[in-house]
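Protein chains in written order, with our numbering: chain A, 1 to 497; chain B, 1 to 463. Every residue gets a Cβ at the ideal spot worked out from N, C-alpha and C, and that includes glycine.
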Amino acid sequence: MGSYITFPELFIWIPILAGIICFFLKGEKSPKIWAILSSLLVLAAAVTSLFYTDDTKYATYNNVNYYWMKEIGNSFFVGLDGTGRILGLLTAIAFPVIFISTQKNTYKNTSAFYGLMLLTQGGLMGVFVAMDALLFYFFWELALIPVYFLCSKWGGEKRIQATFKFFVYTFAGSLLMLIGIIYVYQHTPQRIFEDGTVSAHSFALNSFLNASLTMEEQNWLFWLFFVAFAIKMPVFPFHTWQPDTYDQSPTSVTMVLSGVMVKMGLFGVIRWLIPVFPGATLQFDSLVIILCIIGIIYASCLAIVQDNIKKLVAYSSIAHIGLMCAALFTTNEMGVQGAMIQLFSHGINIIGMWVVVDILERQTGVKNISQLGGVAQKAPVLTIFLVIIALANIALPLTNAFVGEFLMFSGLFQVNTWYAIAAGISIILAAVYTLRMIQKVFYGDVSPAAEVVTDISFSEKAALFVIVVLVFVLGVMPQPLIELTKKAVNTFLATVN
Amino acid sequence: MNAIIFSAAWGIVMMFSAVFIKSKTAPKWIAITGMALLFIVNALELNSGVPLFFFNAQDMLRVNSFNLTFLAIVFGCTLQYFLLSARDVEKVGEHVGEYFALIFFVLCGVALAATYNTLLLLFLGIEIISIPLYILTGSDKRNLKSNEASLKYLLMGAFSTGIMLMGIAFIYGGNPNASFFINSINLGNGELPVMIAVGLVLLLVSMSFKVSAAPFHFWTPDVYDGAPTVFTSFMSTIVKVAAFFAFVRLFENAFGKVHDQWQTLIVIITFATLLVGNITAVFQQSVKRMLAYSSIAQAGFMLLALFALNDKAKEGLILYSAAYSLATIGLFAILIKMNDYTIEGFNGLAKQHPVLGLTATIFLLSLTGIPLTAGFQSKFYMLMASVQNGQSFWLVIAAVVFAAISAYYYFRVIQAIYFKTADTEVIAKTDISPAFNVLLIISAGLIILLGVYPEILVQWLYH
């Protein structure tokens, strides 16, 4: 145990402390600035941590373990590995971008809004760095509570019902996971702490990996965990909460939900599901992949017929997440590596999409495709940004999403040609709904609703510029992302095979 | 032993104070002082193990760290209850001193029911708890609902007491050495003697009555709804967990060795209680009635301690008693201040009274079982105990499904508090003092503290 502060701690405590302080700030301007500054601080910490990835030299910077509830074999054990790092980085980038791009939105009770946003960031970071199952569960739930309040307080008309559905869904899922965690815990070996405390069982990740579970136990425990993660992602047929929630939430919260929060489910699969139950994974991988593929095609078809832009993006997100989940369950190097990169790229792209949608909604007050048209004439710069992000969203070569999707499809192809073909339809469908949306909203005659549109402001340009730069740079040069996650992919694959 | 003597003595002090002191606010302060002293003398005994007042009970009472910890929770929560709600006790009627005296007598019964070692003292403890409650329930004399509740409670209580006595008689009769001691009951070899088995079932039924476990819960909603709200708060928390504690001690010490023979009954009762409590609570419009059903639902979770019956279950029971009582007493204290007891009555509370809104939300989150609150830790310990038990795993799954359902009715109140706007300009009474707010914040702080460090309670079990 080092006496200095470590990266995972910075990731968790900066946003949480900043969030608590934010509640006490007065006025409208200061919470905004405070939120931007503290999220930039987190970003700085995350970027710095990239220089200390070598665990042989810098293990003490990346891992820390405090005693907490050690009588039952738990501790406050947080650490950064490849998966945690890439998602931590995504979270760290996402929040300042969100804050800056939605700066113009006004919220009643500004300090509470930004305070809750920062608390959400802390919760998300905690999920990505937790190395103890109970700690993971704590953060898993804690990330949810502020989001619940954010959506219910600042959302659209039907926000209360929509968010409540979302809350009950995920809460039920996570309770099932809690039972699973307790069951695995009962089958873990003894844990001896440095100070001599002995607990009969342990919540540590390593003990979970070594839990002695029979094949039969693994088979049903797998589903207890999977349901929780599947609800969060969401995977068909657990997705019904999502379009309504995305539609009703304030857009900056939707960005958090779709850009980062859904990654919690995928992260859970990578960290806690497949490695802990490798046997059950091999048993059920086809079933899960088929569920994912049904979801991909179903969601893509629904996206095509949507008139509401927010719902369109929501359904497209279900399709993308479904593909990542399927790729993880291929458990081959290509698929998993692709999914890892895509975790990051998808977060960036979807936030970009939402930024554009948010600007449109704020300026015109409508979110129906049929009421919009000709925005390009009014806002050429916005249109350029949108087209780039939309093309990245459908994974055109030279954009960041292409690398990930290509790897994922190769992975699926290795498992079963038909899976790859079925999932591949989604690319065509994605092109259909995305291009249709661009065409109707941005080109054609200027509709009455679009008359008021003006081009974007400097802060919005800055946010979108960052996103577009990331889209291109990582599209041309995906190597850094692959390097970052290579080790994590290998350890992941080693636990399965 | 401290607690038994001190609570009875202070009850008498309270009675006389009502006669001699005419001031209307004095009894409140005497009661609070007495409660603080009661808490301290009990804590002293827990800490040192040596009682201040000692009498030779011929082993009819067993004092150990487990029941002293429990009593510390009970007295601590009653102190919280007095501090938050004593002013509302004054408003119930004329006889303020007597109300407090009755509460002290109930606590004497609680102390007996927590330390008994013979069936007779169990009976005595349960009766000393029940009889003052019949009076308190009917203390709003001009209110028909209060009268009805009192009568109903009395009849049901008498009925279940009869069953309990019958059970005790059967067990006494079935014992060759004719003893009332709970740990010397003849459980036979492999198969329970018929008399004992009948006695066991009768005791199970009567105790289920007392803790309002389904299908013996029918009295609960009406009694809790009809009683003056301040006393509902006391009955549904402290009295309930005390009955639970007696229940668990009885079945652990007397029949723990034949756990597998009666476990199925507990499984059925637990499931029924969870089902009835949670499903019915969903449809309630009045927060008071919703809390009555939620108390049944929470009882279902506490019954898991009887289902599991291991060390973790004991720790869970201790945590559950504290978490549930702290949150429910706080919630009732806020409810009393509201003008309208329906869920709509809470609309916009956060705007008009931010402290009340925030603390009520923390209490509700704790009752739901959200991490970082005591409610989560207690549910978590109960679930750990039940999983460790290894049998009837479906019951554990059912329990968490019902916990998810409970989020529905607790969050309806949170929604009203934060996301809806008030229908009227003034939704709460005007006598909300700064001290009341501070006490609520302390209660909420305790809930969070227990949620982060459950050890501070659990460690006393092994003191």
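Asked	Found
Does the beta-carbon distance from T264 (chain B) to S206 (chain B) come in below 9 Å?	no
Taking the alpha-carbon positions, what's the Y99 (chain B) to T115 (chain B) distance?	25 Å
I'd like to know whether the C-beta of Q465 (chain B) is nearer than 9 Å to at least one C-beta of chain A.	Since the first residue shown for chain B is 1 and the last is 463, residue 465 (chain B) is missing from the structure and cannot be characterised.
With 9 Å set as the bound, which would you pick, yes or no: does the beta-carbon of A404 (chain B) sit closer than that to a beta-carbon of chain A?	yes
Using a Cβ-Cβ cutoff of 8 Å, what residues of the region 316 to 337 of chain B are near chain A? List them in chain order.	none
Can you grab the Cα-Cα spacing for the pair F105 (chain B) / F113 (chain A), in whole Å?	49 Å
Does the pairing of the region 269 to 289 of chain B with the region 367 to 385 of chain B give three or more beta-carbon distances under 8 Å?	no
Should L37 (chain A) be labelled buried (16 or more other beta-carbon atoms within 10 Å of its own) or exposed?	exposed
Within 10 Å of its beta-carbon, does W29 (chain B) have 16 or more other beta-carbons around it, so buried, or fewer, so exposed?	exposed
What are the complete alpha helix (DSSP H) segments, minimum 4 residues, inside the region 265 to 342 of chain B?	287 to 308, 311 to 336
Residues in the region 168 to 186 of chain A with C-beta within 8 Å of chain B's C-beta atoms, listed in sequence order?	V168, F171, A172, L175, L176, L178, I179, I182, Y183, Y185, Q186
Give a yes or no on whether the C-beta atoms belonging to I129 (chain B) and T229 (chain B) are separated by under 9 Å.	no
Answer with buried or exposed for S370 (chain A), where buried requires no fewer than 16 other C-beta atoms within 10 angstroms of its C-beta.	exposed
Need the endpoints of the alpha helix (DSSP H) that G157 (chain B) sits in, please.	144 to 174
In the DSSP assignment, what are the bridge partners of I192 (chain A)?	A:V198
What separation, rounded to the nearest whole angstrom, lies between the Cα atoms of G357 (chain B) and L364 (chain B)?	10 Å
What does DSSP give as the partner residues of G79 (chain A) in its beta bridges?	A:N63
Taking Cβ positions only, does L365 (chain B) come closer than 9 Å to chain A?	yes
Given 8 Å as the limit, is there contact between the region 340 to 352 of chain A and the region 395 to 407 of chain A, that is, 3 or more CB pairs closer than that?	yes
Along chain A, which residues have their Cβ under 8 Å away from the Cβ of P454 (chain B)?	M69
Beta-carbon of Y518 (chain A) versus every beta-carbon of chain B: anything under 9 Å?	In this structure chain A extends from 1 to 497, so residue 518 (chain A) is not present and cannot be described.
Take F76 (chain A) as the anchor and find which of A:L312, A:T6, A:G155, A:S410 has the nearest alpha-carbon.	A:T6
Shorter than 9 Å from the beta carbon of L120 (chain B) to some beta carbon of chain A?	no
Report the rounded CA-to-CA distance for I432 (chain B) versus I334 (chain B), giving the unit in angstroms.	10 Å
Would W241 (chain A) be called buried (16 or more neighbouring beta carbons within 10 Å of its own) or exposed?	buried
Run the CB neighbour count on S252 (chain A), radius 10 Å, all protein chains shown included, and call it buried at 16 or more, exposed below.	buried
Using a beta-carbon distance below 9 Å, is A374 (chain B) in contact with chain A?	no
Is it buried or exposed for G97 (chain B), if we count other Cβ within 10 angstroms and need 16 for buried?	buried
I'd like the list of long-range same chain contacts for G167 (chain B), defined as Cβ closer than 6 Å, with 5 residues on each side in sequence excluded.	G199, L202, L203
Please list the partners that F149 (chain A) has in chain B, where partner means a Cβ-to-Cβ separation under 8 Å.	Y418
Using a beta-carbon distance cut-off of less than 8 Å, what residues from the region 287 to 321 of chain B approach chain A?	none
Would you mind telling me which residues of chain B sit closer than 9 Å to K153 (chain A), beta carbon to beta carbon, in chain order?	Y418, F419
If I measure Cβ to Cβ from T232 (chain B) and keep anything under 6 Å in the same chain, skipping five residues before and after, which residues do I get?	Y224
Please list, in chain order, the chain A residues whose beta carbon lies closer than 8 Å to that of P371 (chain B).	Y137, F138, E141, L142
Which of the residues in the region 419 to 446 of chain B, read from start to end, lie with their CB under 7 Å from any CB of chain A?	F419
Extract the residue ranges of the alpha helix (DSSP H) inside the region 26 to 79 of chain B, only unbroken runs of 4 or more that lie entirely within it.	26 to 48
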